[in-house]
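Just so we're aligned, residue 72 is where the sequence shown starts under the working numbering, counting upward by one. Just so it is clear, CB atoms sit at the ideal spot from N, CA and C, and this is done for glycine as well. As C-alpha cells, the structure follows; a few thoughts come after it.
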Amino acid sequence: MALFPKPAETQHIGLFFLNKRLIRILIGVTVFFFVAFGLLWRRQREVLPSLPPSHPMGFGEPDGYYPYVTFSDYDPVSLDPTNKTTEDLCATFPKHLLSLLQPVLKTGHSEDRAKLEAQLDSVSACFRPDELLIFSDLDERIRNHTAIDILANLPSKYYDVDYNPDIGSYLLQKELRQNGTLDTDEEAKKRINGWLLDRYKFLPQIERAWLLRPDRPFYFFYETDTYVHVNV
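Here it is in C-alpha cells:
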C-alpha cells in the first residue's frame, strides 16, 4: 500500500485546490462589483433631482413651447417702459452676481455701429463701465466705455504681413487712425476686413479677461449680435 500519492495524483489534487481558490476569488470580485454598482446607482438616484419630462419643441403643447414654469428676480418686463429711465429698468438687475460672473463684449471698429448701439441699449445696458469689459481691434471710447485693443499684444511674428497677410487690415486701420482719416476715407475703410481680424481675438480676450478680472468663477463672452436671456 502506497503511503504517498503518486506524482500525477499530487498534480491533480493541486490543480483542484487551485481552481477552487480561483473560483472563490472570481465570485468575490463579482459580488464586490455588484454591491459597489448598486450603492453608486442608489446614491446617484438620491443626488440627482427628478426632472420634468422633456418635450421636443413643437410637441407636447399646442403653442410649440416648453411647458416649464420658471421664476426670476429680474423682471423689467413687468414695468411699463414708457417714461422709464435705464436706471429704473435696471433696478432689479442682479448686480450681486457680477462678483461671480464677468461679462466680456467682443466687437470691432469696422462692425456695424447699429448692432453695437443696440447691444449697449439692451443686454449691456445695466453694466457700468467698471463692470463690462469691451475688447476690440482698436482702442477707442464707446459711449462711456473704453474699448481695449485686444490685438495690440500678439506675438511679434503675427504683425509680419508676409507671415500673416490677415494683419494687413489691422495695420491699415491703425495707420488711418494716426493720420486722422479712419472715419472719413471710405475707400480705404473698404480695404479693412474685420472678419479676418476677428479670429485673432478669441484666445487673447480670454487671457486679458483673466488678467483684468482675475479669479472670477465664470466669464461670459458675447458679441454685438448675441441675444441673452437673463433668468436668475
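DSSP places His300 outside both helix and strand once states are collapsed to three, so it counts as coil.
In the structure shown, Phe164 adopts coil according to DSSP, grouped into three states. Around the beta carbon of Gln276, 16 or more other beta carbons lie within 10 angstroms, which makes this residue buried. Contact between Arg270 and Ile219 is absent: CB atoms are separated by about 18 angstroms, not below the 8 angstroms threshold. Taking a contact as a CB-CB distance under 8 angstroms, the pair Asp237 and Leu268 counts as one, their CB atoms being some 7 angstroms apart.
Going by C-alpha positions, Gly179 is about 31 angstroms away from Thr163. From the listed residues Ile221, Glu202 and Ser227, the smallest Cα separation to Asn215 is found for Glu202. With respect to the 9 angstroms criterion, Lys177 and Lys272 are classified as neighbours on the basis of their beta carbons. In the structure shown, the three-state DSSP call for Glu211 is strand. Under DSSP, Lys177 shares a beta bridge with Phe206 and Glu294. Residues of the same chain with a CB within less than 6 angstroms of the CB of Leu187, apart from the 5 flanking positions on each side, are Thr178 and Thr295 in chain order. Taken in chain order, the complete alpha helix (DSSP H) segments of 4 or more residues contained in the segment 182-264 are 184-192, 238-249 and 257-260. Val106 counts as exposed, since fewer than 16 other C-beta atoms from the protein chains shown sit within 10 angstroms of its C-beta. Counting every other CB atom within 10 Å of its CB across the protein chains shown gives Ile205 a total of 16 or more, marking it as buried.
When DSSP states are grouped into helix, strand and coil, Leu283 belongs to the helix group.
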